[in-house]
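Written below as structure tokens is the structure these notes are about.
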Amino acid sequence: MPLVAMRQLLDHAAEYQYALPAFNVNNLEQMRAIMEAADHTNSPVIVQASAGARNYAGAPFLRHLMLAAAEEFPHIPIVMHQDHGTSPAVCQRAIQLGFTSVMMDGSLASDGKTPTDYGYNVAVTRQVVDMAHACGVSVEGELGCLGSLETGEAGEEDGIGAAGKLDHTRLLTDPDEAAAFVAATQVDALAIAIGTSHGAYKFKRPPTGETLAIERVREIHERLPNTHLVMHGSSSVPQEWLAIINDHGGAIPPTWGVPVEEIVRAIKFGVRKVNIDTDLRLAATGAIRRYMAAHPAEFDPRKYLQESVIAMRDICIARFAAFGCVGQAGHIRAQSLEQMAARYARGELASQTRAPAPLPLSPRGGVSHAGQPQALHIRNESWLFPDCY
């Protein structure tokens, strides 16, 4: 089965009321663990390259890892997703490399740290949507910033994340603004801010409704019943792996992640993509530490890295099962990017929202709040569409 656009998998997930884990890939061991789990459970899968992964391994290396997965597991629908693009140029390059889905994170400036205004976010995201949809490639946008509702500290990982403290207007996505954003940009999926953070240090204690706003997911879903919602920073931070790491020389302080049962609850409210990275890192680290402690004379990396594959594979299998993916791969008939581009061009995949109407755009392109146009801090460029195929 060829690589597929993310929109096709998310539409299928919405129809059958499940969600897809989106696993970050940095190396061969992670890719093999993910694909062996997908094969074991007959699940479709999203594999994604973060900014940190692209800096570590290089986008071409990651691309070929993903292509190798598609070759070895031809019966599994695979989305090759570029995570957290900080500019249209980053997304354009990913499309040229063959990624079938891209994320334009216009909630932050191109430095990946400075929060932007709504108008900027709309403008850059719409640029990417126009470019990507012409190639049949899906687009994920983001509205709001990841960070702690308890402390106001923004979340950061791999160099992406707002700097400093933010208030709740940034840390919680507004449902009305979300509806306006989707209408203006026509994104295929929307990442929302509900109190989650990147990395292992999400919550200082088990999260409650005050620190993890699943009810906000429901409110956004009511306004956007046909939009695929995305949860970032959604690793559960398994306590058993923290214990294994610390029992074998680690020093990770107490921390908690997003409970799997809360993610399952959010799936009922339209969440269709769930980003997971830290759980695999913790499992791999714990497995390697445990193996090396038991085999202090060992120096063959294949042996201890294989332990990491097994540990990560078990995490992936558990997430596929919890999110309802098991057995779904066999029910998906892949559509080519050419077919998806034609569907976009015909308007078949246009986003729909419920009233009230989208926020008005000012003549300068920014959205008008209380009559005050928001300046756009981007250049007026004509984007050259890449050779899509």
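Residue numbers for the sequence shown, in this note's numbering: 1 to 389. Glycine included, each C-beta is placed from N, C-alpha and C at the ideal position.
For the options Phe-181, Ala-184 and Glu-219, the alpha carbon positioned closest to that of Ile-194 is the one of Glu-219. It is roughly 17 Å from the alpha-carbon of Thr-151 to the alpha-carbon of Pro-253. Around the beta carbon of Gln-339, a 10 Å sphere encloses fewer than 16 other beta carbons of the protein chains shown; the residue is thus reported as exposed. Nearest to Gln-96 by C-alpha distance, out of Ile-76, Ile-78 and Arg-63, is Arg-63.
Separation of Pro-60 and Gly-85 (C-alpha to C-alpha, rounded to the nearest whole angstrom) is 16 Å.
Residue Val-230 holds the alpha-carbon nearest to the alpha-carbon of Leu-10 among Ala-342, Pro-301, Val-230 and Ala-49. Counting only runs of 4+ residues, the alpha helix (DSSP H) found wholly inside the region 192 to 270 occupies 214 to 223, 239 to 247 and 260 to 267, in chain order. Put simply, the backbone Cα of Ser-308 is about 12 Å away from that of Trp-241.
In this structure Arg-302 is exposed. Its beta-carbon is surrounded by fewer than 16 other beta-carbon atoms within 10 angstroms. A Cβ-Cβ distance of about 5 Å is found for the pair Ala-22 and Lys-273, placing them in contact under the 8 Å criterion.
The Cβ neighbour count for Asp-111, taken over all protein chains shown within 10 Å, is under 16; the residue is labelled exposed. The residue from Val-90, Val-271 and Ile-288 with its alpha-carbon nearest to that of Thr-125 is Val-90.
With distances taken between CA atoms, Ile-317 lies nearest to Leu-20 out of Val-271, Val-4 and Leu-20.
Sorting Thr-169, His-248 and Ala-189 by C-alpha distance to the C-alpha of Ser-101 places Ala-189 at the top. For the region 127 to 188, the continuous beta strand (DSSP E) assignments of 3+ residues that do not extend past its boundaries occur at 138 to 143, in sequence order. In the displayed model, Ser-308 falls within a helix according to three-state DSSP. Residue burial annotation: Ala-342 is exposed, with fewer than 16 other C-beta atoms found within 10 angstroms of its C-beta.
The C-alpha of His-75 is placed about 18 Å away from the C-alpha of Arg-313.
In its chain, beyond the 5 residues on either side, Gln-335 have a beta carbon closer than 6 Å to the beta carbon of Gln-8. Less than 8 Å separates the beta-carbon of Gly-141 from that of Gly-106.
Runs of alpha helix (DSSP H) with 4 or more residues, each lying fully within the region 72 to 126, are found at 88 to 97, listed in chain order. The beta carbon of Ser-87 lies closer than 6 Å to those of Ser-110 in the same chain, with the five residues before and after it left out.
If you draw a straight line from the Cα of Ala-178 to the Cα of Thr-255, it comes to about 30 Å.
Secondary-structure assignment with DSSP links Leu-190 through a beta bridge to Gly-141 and Leu-229. Burial check for Asp-279: the Cβ neighbour count within 10 Å reaches 16 or more, so the residue is buried. Between Asp-83 and Asn-26, the C-beta spacing is not below 8 Å. Taken through DSSP and simplified to helix, strand or coil, Pro-21 comes out as strand. Collapsing the DSSP output to three states places Ile-34 in a helix. Residue Ser-234 holds the alpha-carbon nearest to the alpha-carbon of Asp-277 among Ser-234, Tyr-304, Glu-261 and Leu-143. The beta carbon of Ala-70 lies closer than 6 Å to those of Leu-3 and Ile-78 in the same chain, with the five residues before and after it left out.
Counted as a single uninterrupted DSSP element, the beta strand (DSSP E) harbouring Ile-46 occupies residues 45 to 49. Each residue's CA atom was taken as its position, placing Asp-300 and Ala-287 some 15 Å apart.
In this structure, the beta-carbon distance from Ala-284 to Ala-322 does not fall below 8 Å.
Only buried fits Gln-48, as 16 or more other CB atoms lie within 10 angstroms of its CB.
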